[in-house]
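Chemist: Residue numbers (full-length UniProt numbering): 1 to 556. All C-beta atoms, glycine included, are put in the ideal place defined by N, C-alpha and C. As the structure is a computational prediction, the values presented were derived from the model and not from experiment. This is the structure, below, for whatever I ask next.
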């Protein structure tokens with residue numbers, strides 16, 4: 001029986017592949033930005049209310065950028081109930097009165113702003129970013145509460161809805177400002193979020209209550225209208241819950257800006273105190289350097305120099321452990337420490353064996369070998385000692401396997417690298433430019449290792465192993481099951497099974513699949529990488545605290 005064709009070479013990378021990917025990204029982003037659609041937006045306007053994105057635009061300083069985060073949350077999820085574009089909430093970092101703020105805004109055009117499982121996780125991630133970076137937070141509240149048909153997936157667990165209020169309290173205890181504006185519905189458990197903030201603003205016509213009029217009637221038989229039960233006037237004059245009552249959205253947003261202008265500015269992070277004047281980076285089209293499908297070799301030092309001030313990069317141990325490139329530079333004037341997967345083919349010198357002199361071996365770019373793991377672990381320790389943020393450029397296939405690698409202690413040396421990444425106390429930012437496979441994802445500061453920010457290019461691929469390898473493995477498992485059942489597939493069926501498995505796996509490799517589940521914070525075009533990196537560093541600079549660096553038991 002012939003095997004399915006799994007060895008067809010990929011089409012040569014071209015600019016058109018990048019152009020297609022970037023155009024699709026822009027189109028998909030516009031689809032997400034539409035929220036619940038034009039009719040739902042009009043219903044919001046008919047209530048004399050702005051949409052979430054309109055509110056954010058009015059809130060920010062003129063001429064500044066809104067760095068949206070988790071745009072693709074919920075992408076192609078919950079299709080049986082109409083979907084949940086962007087998780088039904090808009091989150092990101094924007095400048096208010098000259099200072100970066102985390103903004104979390106319910107999108108009432110999507111199921112009346114109800115919380116789906118992904119909504120809770122998105123809000124929690126945004127709050128976590130704010131907590132770790134000491135970013136003040138604005139909540140623009142307009143939500144019907146938990147989406148009841150999925151309450152069992154939203155309500156009870158550690159990282160579900162209740163965690164939102166826990167993080168409210170934790171941020172308040174750390175002195176991180178939080179302002180909430182109720183600009184529509186705010187019901188049931190969600191009512192605790194704005195009330196647990198430092199300042200609460202509410203617009204006329206909005207409602208704040210644990211149970212709405214219909215539920216109150218059903219529960220206790222009391223008939224009460226919305227205003228008496230939980231209107232802005234009642235909360236401002238009787239319950240005393242609201243600090244500022246405003247007539248409409250525009251007035252509430254002006255109030256937020258006025259209050260934000262009064263907040264004290266704390267100290268900056270230690271690394272930010274060494275910031276210097278920003279120098280321009282060398283101009284280069286990064287899509288000319290890095291192929292879209294990962295088949296093209298490139299020198300990652302060219303990518304680094306295109307991202308850093310003046311193209312100046314101080315490489316650490318450049319002739320040792322060459323499949324990982326490490327070194328110091330500046331980005332936006334901030335000191336940064338890079339750990340990056342080299343993507344060239346390397347001819348490595350080895351210690352002499354049974355014959356005099358040196359022998360060589362070929363090392364494959366994107367693979368982490370024992371010496372590169374050692375080098376990176378040591379460099380990460382140096383960066384922590386120096387108090388310099390780490391930036392991981394991830395295009396990794398995984399750790400090297402095989403007899404020689406095992407005898408050289410790849411597991412022990414890889415564990416050392418993972419230990420160093422795990423215990424890092426300086427800010428960590430990850431940018432996935434290509435593959436992010438298996439344990440290589442862990443070594444290169446994947447989501448499980450608490451990056452302050454994690455960005456991905458449209459070329460990113462996020463999985464346990466590459467598509468062809470995974471499809472072949474999964475097909476072998478299916479074949480074994482079929483044969484145990486007495487069925488021997490013919491060549492045509494075998495190819496069909498392979499194509500089905502690979503198609504499903506390729507869908508799961510797409511960065512939108514990862515972004516939908518919040519495995520990455522945002523998909524960004526390559527040409528915006530430097531600007532997003534610098535603004536991410538500005539956000540990290542808001543936290544002046546740095547813990548003591550300790551690694552515990554360290555494999556040697």
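#1: Grab the span of the beta strand (DSSP E) containing residue 293 for me, first residue to last.
#2: Between 182, 217, 219 and 501, which lies nearest to residue 207 when the distance is taken from Cα to Cα?
#3: Assign residue 70 to one of three DSSP states: helix, strand, or coil.
#4: Hey, could you find the ends of the alpha helix (DSSP H) residue 545 is sitting in?
#5: Which value, in whole angstroms, describes the spacing of the CA atoms of residue 40 and residue 165?
#6: Which of helix, strand or coil does DSSP assign to residue 99?
#7: Under the assumption that residue 233 contacts residue 209 (Cβ atoms under 8 Å), give the Cβ distance between them as a whole number of angstroms.
#8: Pick from 416, 440 and 550: whose alpha carbon is nearest that of residue 556?
#9: Counting only runs that start and end within the region 23-97, where is the alpha helix (DSSP H) found for 4 or more residues in a row?
#10: When the Cα atoms are used, what is the spatial distance from residue 226 to residue 151?
#11: Where residue 504 and residue 147 are concerned, what is the direct C-alpha to C-alpha distance, given to the nearest angstrom?
#12: Please determine, among 311, 145, 167 and 140, the residue with the shortest C-alpha to C-alpha distance to residue 127.
#13: What does DSSP give as the partner residues of residue 341 in its beta bridges?
#14: In this structure, how does DSSP classify residue 212 when only helix, strand and coil are distinguished?
#15: How close, in whole Å, do the beta carbons of residue 59 and residue 103 come, if the pair is a contact with beta carbons under 8 Å?
#16: Report, in whole angstroms, the separation of the C-beta atoms of residue 289 and residue 340, which I expect to be a contact under 8 Å.
#17: Let me confirm a value: residue 203 is counted as buried when at least 16 other C-beta atoms fall within 10 Å, else exposed. Which label applies?
#18: Excluding sequence positions up to five away, which residues of its chain have a Cβ less than 8 Å from the Cβ of residue 228?
#19: State the Cα-Cα distance for the pair residue 367 and residue 44, rounded to the nearest angstrom.
#20: For residue 200, which residues from the same chain have a beta carbon less than 6 Å from its beta carbon, with the 5 sequence-adjacent residues on both sides left out?
#21: Would you say residue 575 and residue 70 are within 8 Å of each other, going by their C-beta atoms?
#22: What residue ranges within the region 219-295 form continuous beta strand (DSSP E) runs of no fewer than 3 residues, ordered along the chain?
#23: Look at residue 321 and residue 372 and say whether their C-beta atoms are less than 8 Å apart.
#24: Assign residue 249 to buried or exposed, taking buried as 16 or more other Cβ atoms, counted over all protein chains shown, within 10 Å of its Cβ.
#25: Quick check on this structure: which residue in 262, 306 and 324 has the alpha carbon closest to the alpha carbon of residue 279?
#26: Closest to residue 272 by C-alpha separation, out of 159, 411, 330 and 456, would be which residue?
Modeler: Per the coordinate set shown:
#1: Taken as a continuous stretch (DSSP letters only), residue 293 belongs to no beta strand (DSSP E), as it is neither H nor E.
#2: 182
#3: coil
#4: Run containing residue 545: none; DSSP gives neither H nor E here.
#5: 29 Å
#6: strand
#7: Wrong, their Cβ atoms sit about 13 Å apart, outside the cutoff.
#8: 416
#9: 38-46 and 52-59
#10: 24 Å
#11: 29 Å
#12: 167
#13: 324
#14: coil
#15: 7 Å
#16: Rounded, the Cβ-Cβ distance is 13 Å, inconsistent with contact.
#17: buried
#18: 234
#19: 52 Å
#20: 180, 194, 242 and 243
#21: The requested residue 575 is not part of the displayed model; the chain covers only 1 to 556.
#22: 244-246
#23: yes
#24: buried
#25: 306
#26: 330
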